[in-house]
Structure formats: C-alpha cells, structure tokens
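There are 2 protein chains.
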Amino acid sequence: MIKRDKNNPIITIKDVKPSSEDLIVMGVFNAGVTIFNDEIILLLRVAETFKEKSDKYLFAPYYEKGKIKKKSYKLNDKSFDFSDSRVILNKARKKIEGLTSLSHFRLAKSKDGVNFEVAEKPTLSGKTKYESWGIEDARITKMGNNYYILYSAISQYGVLPSMIVTKDFCSFSEPKTILPPENKDVVLFPEKINNKYHLLHRPVPFGIGNLDIWLSTSDDLVHWGNHKHLLSVSERGFDSGRVGAGGVPIKTPHGWLIIYHAADKNNNYSLTAALLSLEEPEVVTHKLNFPLLKAEEDYEKEGFFNNVVFSCGEIVKKGIIYLYYGAADDKMALARIDKKKLLNLLIEKDK
Amino acid sequence: MIKRDKNNPIITIKDVKPSSEDLIVMGVFNAGVTIFNDEIILLLRVAETFKEKSDKYLFAPYYEKGKIKKKSYKLNDKSFDFSDSRVILNKARKKIEGLTSLSHFRLAKSKDGVNFEVAEKPTLSGKTKYESWGIEDARITKMGNNYYILYSAISQYGVLPSMIVTKDFCSFSEPKTILPPENKDVVLFPEKINNKYHLLHRPVPFGIGNLDIWLSTSDDLVHWGNHKHLLSVSERGFDSGRVGAGGVPIKTPHGWLIIYHAADKNNNYSLTAALLSLEEPEVVTHKLNFPLLKAEEDYEKEGFFNNVVFSCGEIVKKGIIYLYYGAADDKMALARIDKKKLLNLLIEKDK
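Sequence order for the protein chains is P and X.
To convert, note that position 53 of the first sequence is 53 in my numbering; the numbers rise steadily by one, no gaps.
Whatever position you read off the second sequence (first residue = 1), add 1000 for my numbering.
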C-alpha cells in the first residue's frame, strides 16, 4: 500500500547549514508541504544547539528579540532533571524549564519532489515572546493567493498554535496566536465548509481527557470557536497513546481524507488515515484500525528521538500521494501511496 | 480592608434541596453573581452524589441525555485510585476517569444580598456530551439585555469553557464551547474594549507553562483569538501554585479592577486583586503581592476540599464591593470591601 522512496532519508542534517558558526544542526524534520510556482516546497523544521560542549554546563539556546542567546545550566544543579535529552525539567514544578535545542523553519525546493535544494539561511525564526523557545511543525494550506502557515510557538508561556500568512515565501505576516495553550498539530482545511473555515488541532490536557484530535470553526481564521471532539485514541494498540493531525485534509468524493499520526503508550509513532464527512467534517465516516506506516527502517528507528514517523504534509500528483514525514525527529523521508487504493482500503475496512 | 459577613456562611448544603430523592447535596459554592430585576442573583454550583453507600462500590453520578445515571466502581479494582475524595483516577493513564460528585447550577435570589431564597430545582444541568460530568463555576456578565453565563463544562473529553445566554434566567440558549480544553475560570468583560469583546481564562497546560491568567478577544463572543498571557504565578508565596480569574472585571477610573483567586504550591487558596489598563487590558498596571482574604475561619478551612476561598463574582453597591465566595468547596460566604480603599491600596502598594 505504502512505498518508501529508495533515496530515503531524502534530507538529513548534512544537507542543512547551521544558522550561525557557533551552532550545529541536530535535526531536520516535520516539514510543512505545498506547491508554489510549480515547485514542491518544504518548510523544514531545523533544530539547532550550541557547538560548544562542557562537562559542567548544559548550554540551551533561545530567542530574545530575534537573536539567539545562550542560557547555561549547571549540570550538578539538583533543581533540574537533565535525563531527557530534549528538555530541561524543573523538578519542583514538574514543568519543562527549557529546551536543549531551538527550532526554526527553513525553505527547501524541488522539481521532482525527491531532490531538494535547502535554503542557506532560516526562512522564519522565533520572533515574539511566545516563540522564544522556537517554532515547530508547520502545516501549509493554500487558499486563494495566500499560503497559511500554522505551527506551534514554544516558550515559557506554553505551546501555542499560531499562524503566519505569505503569498510568496519571501515576505510574511506578523505571527498571531490562534488557540490557547497547551495545543499543537494544527492544520487548516483548504476551503470553507458550510461557510466557515475549519481547523484540526490536538489539545494537551493536564487532568481530564486524552491526546485526541479536535475540530473548530472560524469566520476570519484568527478567532476560533465551536470546538468539537473529533477523533479519539483507542483503549489499546498503536493509537492508544496519542493521535494528532498531519497534513492538509485532501478533498475526495468519499470525504475529507486525513493522514495523521498516532502513537502507542510507549511513544512508538505511526501514520494512519481516516475519512471525514465532506459536508459535516465533525463526523468520522471511516478510520483505519492499523498503521499505514510505522517506524521500521533504521532511519526511522534511530535518531534524536527514536521510533518516530511524523507527517506535517503531503501533496497529490497524478493520483499518487507524496507523503513527507519526519523520521526519528532528525531526518526527512518520503513515502508514496496510491490515493484510490487508500480510499478503497478505508471504505472497505470500515464495513 | 475586607470584612466577612457576620452571618457567614450565608448558604450551606442545608439550604439546598437535592434534585432527586436518591441524591444528597455535597456542596453549594462558587456562585456567579449579578443583579436582575433589582434583586441580587446567585447562580450557585450545587454538587450532589448518591445517597446510597456501599463498602464494595463507589457510585459516581453523571448525566446522559439530561438524566442523572449511576456508574459503579468496584472499590477493590486495582486499576483505579480512589484516594482523592473528589475524583476517580485511572492509574494506567494517570487521568481522571470520573468525578465522585455532579454539579449543576441553582438560582438564588435576595433583596439584601445576605438572605437568599434558593430555587427548589436545578436551573441549569448538564445537557451536551461535553457536560456529562457536570457544569461548574459560573460567571455572569450583563451586556445590553443579555446575561452571558460562562462556565466549565466537564466530561471525559476534558474541561471546556462554555457559554449560555439568557435574558430572564427562565429560558436559556443552547450551550456553546468557547475555548478548547483544558481551560477554566473564564469571565467576560462587561463591555467592548477597542471594539472587541474581551475574556479572561486560565489554561491548564500539561508540559510547559504555569497556571496563569490569559486574555483573549472576539468579535462575536463565540470565536476567540489573539490569546495573550496576562498574569503569572509568583516564584514563591501565596500565589506560586496557580492564579485564576474571579468575577466580572469592575471598571474604575484607575483601570479594570479584578479580584482573582491564587493558591500556593500546597493548594492553600486566597483572594487578591490587580488593576488592568482601561484601554489596553493586556497590561497589568498594579497588583497586590499579598492576599486580600485567605482561608482563616473554620468554614473556610474545613469542608469538601479544605483551605479554599474561591470567588466567581461580586457586585458593587454604594461604593462597597460585595464579594461572594465559595468556602472549602461546600458553602457560600460573603465579604465586603470598600472599593475606594482597595483602589488606594493597589495604587500605593505598586509604587
């Protein structure tokens, strides 16, 4: 059903120049995808950290007024837990105090969808106080002449779904926060439904509720309401830990096709698919009860965070879905699916 | 500065008739407050549970299609943790599986603001699937002829800020979810500012961020955006654990006066105050660095949940703020503050 590209991984950290001399690239993954000027565009998430290492300190990068600054943590400071390589944990508050890497967005272009030219410099970086710990996981939706980039803004204030608009990937609107924290995996439908814009998102609740996908509506793309629960984790199995939207929903005669990520309770990620009603996207009409793709190849099983396949976008070309996905949180990979076969599978499997 | 009413607590469970014969009232607290037809109106949160007790089972009430149903948990079922009297905890998921009591809203009316007549029957109960575990902590804002009731809808899907509108407290609009989960302590400003409606809310983040107060704007009261961080917990002291909005912000020449709750890291609650800029309410101009009121009286220190003072509303009458508050999560109490003195305190203390 799904075929990995033989050149996988198609982009790795070797293909990405650090944004300054004192930084190194830790990962390039979870790219938003669209078509612009007949080229396939990836808006890559590039994670960087300081080149300088020390036995006594951990150096964490962050943005302040658009510049990258360094925060030093003493490794023997008992108030912090450094055991998770991705985060600095404040033990007393049981809260994340900072990230060990800082993400920005980098443009990459391709004619064939496999060989990409990666921009030399960051395309978008953390700008506001809500982005001081970086920007992550873009999804790009085209409507009219506008490209809407939805992403997670990260800072001490939380994880906030945010939006930037562009017509040309050269000049960009100011960022706007579109949902309160803690929430991520936001993606906009490519057209209005029942005269409203629609959005998928994945709240991260503290006490009650699971890591499920929700649907909301808007008249202006900035203010969102009518929040509805859409798609649940399962009791057990590959999607029992979390689910979250992937790329832009694909309109088909059978409904809105969504390819989304799932993980089990041990953070083993996979990609799977569902169909939502065209007229009432709050209704899930069909859903696969198995993964389309799970971490099986070495480049998916080993990396910055192991056993992750995570998609923020796909394009459809001559009936083939080009599914771009982050592998083990540090590389970009590509897999292809025949759209018709996937639709048949969805419709049959749910009978 | 603040004076408790000599009749405190002014409403207790003895004053509230259960909504059916098989239920008992566990608490009456956290009432929304407004003035309607020259009377002071409280929209009480009434928490109930089943009268029937068993050594082998815990019986949890919930709403299904507007009716109260019973769910039985075996007390020897090792998958649950029953140690917190308020909730049933799923040990594997580390998530709340259900509540031990079910809350609805009950109207109470008074001419003098001290002696209240409590309605015989529930005024509003859980109606939608987002309210199957009850409705909690109403705040009432009057604009034009409409009263906007903002509250927390509780269910397996999470804690969702929701809104119901009424003109007469007899007929009510359908509930609408206005912010995604997990979020609570929502209250609407009593007028538009810069041509936008404004809302205070308190997200409950999982991984990053604190239990802080946020501000959002809307054109239509249903769709919300431009989420801004407003007021933080402190590093230490009475407000180091959480803060959350109380009643409707009071317009004064010095700014929007907000009386809000705070708690330290051990869940000792108090009430305190701040001033927000009239024109730019995202700016906190003054803030008390001590409690106005903390749990000191027996009825505040002992109850369903100890050491809680929690306000969802106040009214101002001849320069006196009548601050209504829930005490120990099971009674209603009243305290009075001279508005002018409080404003002077705020303005002086912040110099």
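For glycine and all other residues, C-beta sits at the position ideal for the given N, C-alpha and C.
Keep in mind that this is a model prediction, so the values were computed, not measured.
{"query": "Could you give the DSSP three-state label for E48/P: helix, strand or coil?", "result": "strand"}
{"query": "Answer with yes or no whether the minimum CB distance from V159/P to chain X is below 7 Å.", "result": "yes"}
{"query": "Using a Cβ-Cβ distance under 7 Å, would D1350/X count as near chain P?", "result": "In this predicted model, D1350/X has a pLDDT of only 49, less than 50, meaning its place in the structure is not dependable; the value taken from the coordinates is given anyway. Not one chain P Cβ lies under 7 Å of D1350/X."}
{"query": "Distance check for K1167/X and I88/P, CA to CA, integer angstroms please.", "result": "51 Å"}
{"query": "How about the segment 1060-1071 of chain X and the segment 1284-1291 of chain X: do they share at least three Cβ pairs that are nearer than 8 Å?", "result": "no"}
{"query": "For a contact defined as C-beta to C-beta under 7 Å, what are the partners of T177/P on chain X?", "result": "N1226, H1227"}
{"query": "Look up Y197/P in the DSSP assignment and say whether it is helix, strand or coil.", "result": "strand"}
{"query": "Along the chain, which unbroken stretches of the beta strand (DSSP E) at least 3 residues long are found entirely within the segment 1187-1243 of chain X?", "result": "1197-1203, 1213-1218, 1225-1231"}
{"query": "Consider the Cβ of F206/P: report whether some Cβ of chain X lies at a distance smaller than 7 Å.", "result": "yes"}
{"query": "Exposed or buried, N1007/X, counting other C-beta atoms within 10 Å across all chains shown (16 or more means buried)?", "result": "exposed"}
{"query": "Chain P partners of N1183/X, CB-CB under 7 Å?", "result": "P180"}
{"query": "With 16 as the cutoff for other CB atoms within 10 Å, does G244/P come out buried or exposed?", "result": "buried"}
{"query": "In the DSSP assignment, what residue or residues form a beta bridge with H1254/X?", "result": "Paired residue(s): none; H1254/X is not in a bridge."}
{"query": "Can you tell me where the alpha helix (DSSP H) with Y299/P in it begins and where it stops?", "result": "298-301"}
{"query": "If contacts are defined as beta-carbon pairs under 8 Å, then I954/X and L1271/X qualify, I think. What distance do you get, rounded to the angstrom?", "result": "Nothing about residue 954/X can be read from this structure; chain X reaches only from 1001 to 1351."}
{"query": "Checking contacts by CB at 7 Å: is A10/P closer than that to chain X?", "result": "Reading the sequence as shown, one finds Ile at residue 10/P and not Ala. Judged by the 7 Å Cβ criterion, I10/P is not in contact with chain X."}
{"query": "Using the three-state DSSP reduction, which class does I1088/X fall into: helix, strand or coil?", "result": "strand"}
{"query": "Taking a cut of 8 Å between CB atoms, which residues from the segment 192-221 of chain P lie near chain X?", "result": "H201, P203, V204, P205, F206, G207, I208, G209, N210, D212, W214, S216, T217, S218, D219, D220"}
{"query": "Tell me, please, which residues DSSP counts as bridged to C312/P.", "result": "G32/P"}
{"query": "For I1135/X, which of helix, strand or coil comes out of DSSP?", "result": "strand"}
{"query": "Classify K339/P as helix, strand or coil using the three-state DSSP reduction.", "result": "helix"}
{"query": "Is it the case that the segment 1117-1133 of chain X contacts the segment 1325-1341 of chain X, given that we only count it when at least three CB pairs across the two stretches are under 8 Å?", "result": "no"}
{"query": "Step through the CB atoms of chain P and report whether any lies within less than 7 Å of the CB of I1135/X.", "result": "no"}
{"query": "Give the DSSP-derived three-state secondary structure of N76/P in the structure shown.", "result": "coil"}
{"query": "In chain P, which residues lie with their C-beta within 8 Å of the C-beta of K1095/X?", "result": "G207, I208, G209, N210"}
{"query": "With G113/P as the anchor, note down where its beta strand (DSSP E) starts and where it stops.", "result": "Looking at the DSSP string, G113/P is not in any beta strand (DSSP E), and its letter there is neither H nor E."}
{"query": "The beta strand (DSSP E) spanning K127/P covers which residue range?", "result": "Per DSSP, K127/P belongs to no beta strand (DSSP E) and is neither H nor E."}
{"query": "Give, in chain order, every residue of the segment 1237-1254 of chain X whose Cβ lies closer than 8 Å to some Cβ of chain P.", "result": "none"}
{"query": "Compute the Euclidean distance between the alpha carbons of L99/P and V309/P, then round it to the nearest angstrom.", "result": "21 Å"}
{"query": "Beta carbon of F105/P, beta carbon of A60/P: below 7 Å?", "result": "no"}
{"query": "Does any C-beta atom of chain X lie closer than 7 Å to the C-beta of H261/P?", "result": "no"}
{"query": "Quick check on K351/P: buried or exposed, where buried means 16 or more other Cβ atoms within 10 Å of its Cβ?", "result": "At K351/P, the pLDDT of 48 sits below 50, so the modelled position is not reliable and the matter cannot be decided from this model."}
{"query": "Between the alpha carbons of K228/P and W214/P, how many angstroms are there, rounded?", "result": "6 Å"}
{"query": "Just the chain P side, please: which residues come within less than 9 Å of H1223/X by C-beta, in chain order?", "result": "S216, T217, S218, D219, D220, V222, H223, W224, G225, N226"}
{"query": "Relative to the alpha-carbon of K1017/X, which residue among E1039/X, P1180/X, T1049/X, K1074/X has its alpha-carbon at the smallest distance?", "result": "T1049/X"}
{"query": "Could you tell me the alpha carbon to alpha carbon distance between A333/P and E296/P, rounded to whole angstroms?", "result": "13 Å"}
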